[in-house]
Amino acid sequence: MTTTFDLLGGINASPAVRPMFNVGCLLDIPTGRFLLGKHGESILNGGIANVNAICGRGNSFKTALLLYMLLQAMDRYMPSAANVYDTELTLSYQRFADLSKRMMNRLASFDFELSNEFKLTDKNEHNGSEWFDWLKSVADMRVKLGKEHKVTTPFIDAHKKFVDILFPLLTAIDSFSMFETNVSVKMNEKGVGDSDRNMQFMKDGGAKTQLMMELPTVTNKGGIYVLMTAHLGDQHQLDPYAPPAKKLGFLKNKTTFKNVPEKFSFLTSNCLQVLGTAVLSNPTTKAPEFPRSQEDDLRNDTDLMILSVSFIRTKYGGSGIPFDLIVSQSNGLEVGLSEFWYIKSYGRYGIGGNDRTYHLDILPEVSLSRTTVRSKIYENKRLQRALEITSQLCQIQNLWHETDPSLICTPKELYDSLIQKGYDWNRLLETRGYWTFNNESQPLPFLSTMDLLRMRVGLYHPYWY
Numbered sequence: 047m048t049t050t051f052d053l054l055g056g057i058n059a060s061p062a063v064r065p066m067f068n069v070g071c072l073l074d075i076p077t078g079r080f081l082l083g084k085h086g087e088s089i090l091n092g093g094i095a096n097v098n099a100i101c102g103r104g105n106s107f108k109t110a111l112l113l114y115m116l117l118q119a120m121d122r123y124m125p126s127a128a129n130v131y132d133t134e135l136t137l138s139y140q141r142f143a144d145l146s147k148r149m150m151n152r153l154a155s156f157d158f159e160l161s162n163e164f165k166l167t168d169k170n171e172h173n174g175s176e177w178f179d180w181l182k183s184v185a186d187m188r189v190k191l192g193k194e195h196k197v198t199t200p201f202i203d204a205h206k207k208f209v210d211i212l213f214p215l216l217t218a219i220d221s222f223s224m225f226e227t228n229v230s231v232k233m234n235e236k237g238v239g240d241s242d243r244n245m246q247f248m249k250d251g252g253a254k255t256q257l258m259m260e261l262p263t264v265t266n267k268g269g270i271y272v273l274m275t276a277h278l279g280d281q282h283q284l285d286p287y288a289p290p291a292k293k294l295g296f297l298k299n300k301t302t303f304k305n306v307p308e309k310f311s312f313l314t315s316n317c318l319q320v321l322g323t324a325v326l327s328n329p330t331t332k333a334p335e336f337p338r339s340q341e342d343d344l345r346n347d348t349d350l351m352i353l354s355v356s357f358i359r360t361k362y363g364g365s366g367i368p369f370d371l372i373v374s375q376s377n378g379l380e381v382g383l384s385e386f387w388y389i390k391s392y393g394r395y396g397i398g399g400n401d402r403t404y405h406l407d408i409l410p411e412v413s414l415s416r417t418t419v420r421s422k423i424y425e426n427k428r429l430q431r432a433l434e435i436t437s438q439l440c441q442i443q444n445l446w447h448e449t450d451p452s453l454i455c456t457p458k459e460l461y462d463s464l465i466q467k468g469y470d471w472n473r474l475l476e477t478r479g480y481w482t483f484n485n486e487s488q489p490l491p492f493l494s495t496m497d498l499l500r501m502r503v504g505l506y507h508p509y510w511y
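The following block contains the structure:
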């Protein structure tokens, strides 16, 4: 008699886990979920998947978000390599160095121009078809690599064995809207106004569609992780009575991707949209709402910007809920400030004190104010960690409604309960919340936000404590 096992024996199983790289700054919880590790620890599998996109209108800091995610992953996950394909001819090695100065690991003193682990290229060097042919050849080559090219993640399979993956190749396309294939390049050789160029965008769109259809397979098999930006603009409807067509459920009516095929909207694993931007200044002083120091008091300074963003697509979490990120035009994404702004926006979640002098409930000894919080975040690593934990606690309550209610508590309740159980919060904050390769042998021990919640109810004790 034929059994089910016999019927399924002729096909290969998919990977037990498709690891995603944690990048922090409110971007991991919406895109991921916690999985149990070998020691019962809760590991967040969220952040950068194999195909990711950031979209928005012009001058909405799409590139700043893309570069933060790329550099943060490269900094945390070693070994890894990265390539950036610049289709707009605006990036420079110095820009990458400037954005990496406050990175915690290898990138703080990384030489981007001389390193063989990073390369910036642009469409003057290779058109889009040539670049994608290179990417496919790299994927084919990496499939054949042996165990010496693999790294060990803390995720486990059904047999309780660690999941190994190829060391990641991180790639970025900035932007996919300006990505030119061979078809477009050949058309450009004809004069402006030539009748043969009337079909240029249609033919180029067909080539981009083919690329998008291949991209998930190329990236998954080759251990490649792609981040792309794309432009949004107004959709012009010739028929005024036709209903507006949306490519994604949470994309606003009359808004469409520019020079991007339809496949882009459903072959990306995560798609983050920048909904709007505004200068973040104090309404009274007109200086930055959160100054770097006492001297940072220039009226009408536009360096600090607030972005309203939303994941309009994610295959692993909920979509469509907007939240804010804070960006410095000179320094890039402000991680701690974004996390602080998030909890402040939700009823001062986890913040004690009054509206002038306050503190985090899980770090009460550090006094904060509007004019000092930014500089103290830069200087105090325990404050950085406390903001990460508090903002993730807030996100879990806001976004993960299926969470066991017995685990949910306020930051103050979590702080008091763990002290009563004998834990030292100084030690708990001298940890990292993101997983790494060879997770158990890193200088900073691993402790996730979910671990803390489970510790409170006696379901977990850190194996390293």
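Just so it is clear: in the sequence shown, position 116 is 162 by our numbering, and no numbers are missing.
Virtual Cβ for every residue (Gly too), placed ideally from N, Cα, C.
For clarity, every value in this text was computed on a predicted model and none was experimentally measured.
Three-state secondary structure (DSSP) of residue i
i: alanine 288; result: At alanine 288, the pLDDT of 47 sits below 50, so the modelled position is not reliable; the number obtained from the coordinates is stated separately. Coil.
i: leucine 344; result: coil
i: isoleucine 435; result: helix
i: threonine 360; result: strand
i: glycine 378; result: strand
i: threonine 265; result: helix
i: glutamine 430; result: helix
i: phenylalanine 178; result: helix
i: isoleucine 465; result: helix
i: leucine 498; result: helix
i: isoleucine 3; result: Residue 3 is absent from the model: the chain starts at 47 and stops at 511.
i: phenylalanine 142; result: helix
i: leucine 350; result: strand
i: phenylalanine 8; result: Here the chain covers residues 47 to 511 and nothing more, so residue 8 does not appear.
Per-residue burial, residue i [other beta carbons within 10 Å of its own, 16 or more giving buried]
i: alanine 154; result: exposed
i: arginine 512; result: Coverage of the chain is limited to positions 47 through 511, which leaves residue 512 absent and any answer about it impossible.
i: glutamate 171; result: exposed
i: asparagine 91; result: buried
i: alanine 523; result: What the structure shows of the chain is the stretch from 47 to 511, and residue 523 is not part of that stretch, so it cannot be assessed.
i: alanine 204; result: exposed
i: methionine 258; result: buried
i: arginine 420; result: buried
i: proline 337; result: buried
i: alanine 189; result: Per the sequence shown, the amino acid found at residue 189 is valine instead of alanine. That one is exposed.
i: methionine 115; result: buried
i: phenylalanine 312; result: exposed
i: leucine 321; result: buried
i: glycine 93; result: buried
i: tryptophan 510; result: exposed
i: isoleucine 389; result: buried
i: methionine 351; result: buried
i: arginine 402; result: exposed
C-alpha gap between residue i and residue j, whole angstroms
i: lysine 292; j: threonine 477; result: Bear in mind that the predicted position of lysine 292 carries a pLDDT of just 49, short of 50, making it unreliable; the figure below should be weighed with that in mind. Going from the Cα of lysine 292 to the Cα of threonine 477 covers about 43 angstroms.
i: alanine 127; j: methionine 120; result: 7 angstroms
i: valine 376; j: tyrosine 395; result: Note that residue 376 is serine in the sequence shown here, rather than valine. Serine 376 and tyrosine 395: Cα-Cα distance of roughly 29 angstroms.
i: leucine 212; j: asparagine 346; result: 48 angstroms
i: isoleucine 465; j: proline 368; result: 35 angstroms
i: proline 451; j: tyrosine 271; result: 35 angstroms
i: tyrosine 287; j: phenylalanine 386; result: Residue placement at tyrosine 287 cannot be trusted, given a pLDDT of 44 that sits under 50; what the coordinates show is reported in the next sentence. Using only the alpha carbons, I get a separation of about 46 angstroms.
i: leucine 284; j: threonine 302; result: Its pLDDT being 44, under 50, leucine 284 is placed unreliably by the model, and the measurement read from it follows with that caveat. About 14 angstroms.
i: asparagine 228; j: threonine 133; result: 14 angstroms
i: arginine 378; j: cysteine 455; result: It should be noted that the sequence gives glycine, not arginine, for residue 378. The alpha-carbon atoms of glycine 378 and cysteine 455 are separated by roughly 33 angstroms.
i: threonine 495; j: serine 60; result: 29 angstroms
i: lysine 467; j: leucine 475; result: 16 angstroms
i: leucine 383; j: cysteine 440; result: 15 angstroms
i: proline 329; j: glutamate 335; result: 8 angstroms
Bridge-paired residues (DSSP) for residue i
i: valine 130; result: Leu166 and Ala218
i: valine 355; result: Val320 and Phe369
i: serine 452; result: According to DSSP, serine 452 bridges with nothing at all.
i: valine 503; result: In DSSP, valine 503 forms no bridge with anything.
i: phenylalanine 225; result: Looking at the DSSP assignment, phenylalanine 225 forms no beta bridge with any residue, so it has no partner.
i: tyrosine 392; result: Paired residue(s): none; tyrosine 392 is not in a bridge.
i: leucine 212; result: Lys196
i: aspartate 280; result: Thr301
i: phenylalanine 492; result: Arg478
i: leucine 275; result: In the sequence under discussion, the amino acid at residue 275 is threonine, which differs from the leucine named in the question. According to DSSP, threonine 275 bridges with Ile100.
i: isoleucine 442; result: In the DSSP output, where bridge partners are listed per residue, isoleucine 442 has none listed.
If we require 3 or more residues per run, which beta strand (DSSP E) segments fall completely within the stretch 68 to 121? 79 to 82, 88 to 91 and 97 to 102
Pick out the complete beta strand (DSSP E) segments inside the stretch 297 to 343, 3 residues or longer, and give them in chain order. 301 to 303 and 316 to 325
Secondary structure, alpha helix (DSSP H): runs of 4+ residues fully inside the stretch 392 to 425: 419 to 425
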